[in-house]
Each structure stands twice: as structure tokens, then as C-alpha cells.
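This report concerns only the one structure given below.
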Amino acid sequence: MFPDSQARIVVTRLDPPTVQLLPGSPALDVSAQGVPMATVVGTDTSASVQISAHWWPDGKETAALVARAATELDVPPSTVIVTPGPVTVRHVTLVARGDGEEEAVLASSTSSGMPPYTALLAGPLPPALLPLAREALQGRRGRLLVRFDGAVGADEVVRELDVGEAMSDAPSGEKHIFLTATATEAPVTDPAAPGASLPLRITVATGSVPVRAVDLTGADAAGTPWTVTYPSDDPLPEQLPAAESLDLVVHGESGKPYRRTLRPGASGWVIDEAALGLVTVTCQAPGRTDGAVVALEVWYEPAGDGLPDHRSVTLDAPEWTASWLVASAQEDLGGELVIDVTETGADGVAVPKHTVHSISPQVRV
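Numbering (the numbering used here), first residue to last: 863 to 1227.
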């Protein structure tokens, strides 16, 4: 196991100042509301666990590392170009550990293949291991472990996340365990079971651009159609009838509503950015000096059923970056970004205006 489990930066070039970012310890993924993405769902005899984790430093940690490197290089942080270091993830495993240190692999997965090297681990929980998972999600250390097996540069590494330790900081009011009484005919996670239900969890904020509201439509065991709208004056149900899929209608502030199909996962019905067809756009302006200002007018034109978007964005020190969501109604950008760039240098002199076109959501101007 590689001894250095702290994220670090390696200087690779002095002019322009360029560094490589290397990850430290893995961490749990969190929703847009900051809720850790870890759940147990089912019954006491038929349950499953789902954990989403990543192996990459967050924005705050990265900014601190860049600032430290900039001090050592005696340059402004805004001029430091950050690139991903040589990282390989071979496989990721979710392990349960008992009192006697015996271990059982609950799930394995590959990672996303690029930063932040996200892995979604989901699998059945044998009844004997259910107490370990419950204790971990309630904050007990040493019960559930996520292991990233790979390499950092030429060094073979195994980096470990203790789920219980990560969950110990979660607010006590958050619900991560969804268990019902033992099913007499079929487990509640079986979409075909008459009258069965699955927990509903929404991890993306609506009521703001680009999504204003979402309609969920399905049918109960008797075939009677139902619709739930979020947000609504009525309380959101904690569970919805189990089925092979639900229909989503996504409403924005502009453009026509579009449809998506939602399928249940190991933790039930989860409405997140991917389910709604939302994609994060990030604009960066590296290499600028303190005092400069980069103003952007950004238009997003979807190629399919997504929602057009227009916004004004200002990039300035020290981050020189801005991110927001667009509704592409697809897995990727599915359209084009047109960006008018107006820039004023630190000396107050205006840089000639230019336009950038991109079919990637990651843009440097």
C-alpha cells in the first residue's frame, strides 16, 4: 500500500507553471444538497446496499494545494495550470467486516476512468451482513469499506474509505436506511411484486434554472394511473409503487417540457442529475493575472429535446472557473455552446472580443 494517502501536487513545468494533481484518500459522493450517497433498502431477509464513492480531491482541497504550489513557485495561483496526474484504477470493491476482522465482498465495480474516478457499488446484503451495513450507515467505523485498487504513477496503491467514518459526520435527520417488515410473498425490491413500493429520493434541486418542476407518472398494482409533481404544495411521498419504470416530464423556465424514463436502482427511485438529463458545463480561463476580468455570454442550443439556456458569467481570480447545469435531455451535452468572450486585462486594456464554439461541456476560453 502506498504510504502517502494525502492528495498532493507535483510541479511538472515552470513556464508556464504547470502541476499534476494526485489523489489521496477516497470519499463518499454527495448529492447537490450535500447528502452522502449511501443507502440500504429492502427487508430484514432481502436487502441491498448502494454506495457511490470517488477517488479525487474536492475543489477546496485542490485550491489549497494550488495555492501552496503557487507560493513555492512565487507565482499567482491563477497562473498555475492544473492537470490530472498519472492514475490508474483497476477495480473498486465494497467490503463488509465483522468483529473478528473477517471480510466479505459485497460488490465490485470499475471506476469512471477519469477524474474524479467515481464508482457506484451496489449488491445484495445477506441477512447475516445486514447489521454491519446498518451500523456503518449509522456512523460506526470499520464495518463497510470501499477499496480503490490501482496505481499512482509507478506505485501500486490500495486506497480505502471507511463508510462508517464518513457517515459519522452526516446530520442525524438524514435517512439512509429503508427497511420494511419481511415480505410474505416477495421482497419489496421486486418491481413485479403486486402492491410493492420503493423509496423515493430526490438529490437534485428543482425550482431553479434549468429545471422548474418534474412530473412523475406511473400506475399502481390495480393499473390506476397516478402522477406526483415536485416541487408541490403537497408533501412528497417517501415511497412510490414499484414498477419496471416511471415516466418523467421535465419542465424548465423556457422551452418545451421533455420526457425521460426512470428505472429503479438498488436504492429505489432516485431522481438525480443524470435521471433528469442534466449536464454540468464548466468554463475555465487559465493563465490570467490577478486584476483581469473575463466576461462571458453563453448560449446553449440543444440538439434534441433539451432546454435552451442563456446566461452571463464572470470569471475572475482566484478560481477563474464557473460551473452550472444545462438540460440536454441526454447523457452528454447533446448540443452546442456558443460563448462570446469579453476580457479586460489587469492593466485595464480590453482584449479583442472573440467567440468560442464547443460541443464539449468542459470549455477553456
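Ideal Cβ placement from N, Cα and C applies to all residues, glycine included.
Keep in mind the model is a prediction, meaning the values are calculated, not measured.
Considering only residues of the same chain and omitting the five flanking positions on each side of R1002, which have a CB-CB separation below 6 angstroms?
If you number the sequence shown from 1, residue 1002 lands on position 140. Closer than 6 angstroms at the Cβ level, and outside the excluded window around R1002, lie G1026.
So, is H1172 buried or exposed, given that buried needs 16 or more other C-beta atoms within 10 angstroms?
Working through the sequence shown from its first residue, we reach residue 1172 at position 310. Answer is exposed; the Cβ neighbour count stays below 16.
For the alpha helix (DSSP H) that P993 lies in, which residues bound it at each end?
The count along the sequence shown starts at 1 and reaches residue 993 at position 131. Looking at the DSSP string, the run of the alpha helix (DSSP H) that includes P993 is L992 to L999.
Would T901 be called buried (16 or more neighbouring beta carbons within 10 Å of its own) or exposed?
Taking the first residue of the sequence shown as 1, we reach residue 901 at position 39. Classification for T901: buried.
For L999 and I1039, which I take to be in contact (beta-carbon distance under 8 angstroms), what is that distance rounded to the nearest angstrom?
Here residue 999 corresponds to residue number 137 of the sequence shown, with the count starting at 1. Here residue 1039 corresponds to residue number 177 of the sequence shown, with the count starting at 1. Contact holds; Cβ gap of about 6 angstroms.
Three-state secondary structure assigned by DSSP to G1196:
Locating residue 1196 in the sequence shown gives position 334, where the first residue counts as 1. Three-state DSSP puts G1196 in coil, outside helix and strand.
Exposed unless 16 or more other CB atoms sit within 10 angstroms - verdict on G1080:
Residue numbering aside, residue 1080 sits at position 218 when the sequence shown is read from its first letter. With 16 or more Cβ atoms within 10 Å of its Cβ, G1080 is classed as buried.
6 angstroms Cβ shell around H1216 - same chain, five flanking residues per side excluded
By 1-based counting over the sequence shown, the position of residue 1216 is 354. Taken in chain order, the residues that qualify are V1203.
Can you tell which of E963, P948, P1103 and H1113 has its C-alpha closest to the C-alpha of P1126?
Counting from 1 along the sequence shown, the entry for residue 1126 is found at position 264. Checked all of E963, P948, P1103 and H1113; the closest Cα to P1126 is P1103.
From what residue to what residue does the alpha helix (DSSP H) around V937 run?
By one-based count along the sequence shown, residue 937 stands at place 75. No alpha helix (DSSP H) holds V937; DSSP gives it neither H nor E.
To the nearest angstrom, how far is it from the Cα of T933 to the Cα of L883?
The sequence position of residue 933 within the sequence shown is 71, counting from 1. The sequence position of residue 883 within the sequence shown is 21, counting from 1. Approximately 16 angstroms between the Cα atoms of the pair.
Rounded to the nearest angstrom, how far is the Cβ of P978 from that of H916, given a contact under 8 angstroms?
On the sequence shown, position 116 is the one that residue 978 refers to. On the sequence shown, position 54 is the one that residue 916 refers to. About 4 angstroms separates the two Cβ atoms, so the contact holds.
Taking DSSP as the reference, what is the three-state secondary structure of R930?
Taking the first residue of the sequence shown as position 1, residue 930 is located at position 68. R930 falls in the helix class under three-state DSSP.
Opening and closing residue of the alpha helix (DSSP H) in which V1160 lies:
Against the sequence shown, residue 1160 aligns to sequence position 298. Where V1160 is concerned, there is no enclosing alpha helix (DSSP H), although the beta strand (DSSP E) it sits in stretches over V1155 to P1164.
Beta-bridge partners of H916, as assigned by DSSP:
What you label residue 916 is simply residue 54 of the sequence shown in a count that begins at 1. H916 is bridged to A889 and T980.
Does D1052 come out as helix, strand or coil in the three-state DSSP assignment?
What you label residue 1052 is simply residue 190 of the sequence shown in a count that begins at 1. Residue placement at D1052 is flagged as unreliable, the pLDDT there being 43, under the threshold of 50; the coordinate-derived value follows with that caveat. Of the three classes helix, strand and coil, the one that applies to D1052 here is coil, per DSSP.
From this set, D906, E1198, A1184 and T955, which residue's C-alpha is nearest L987's C-alpha?
If you number the sequence shown from 1, residue 987 lands on position 125. With distances taken between Cα atoms, L987 lies closest to D906.
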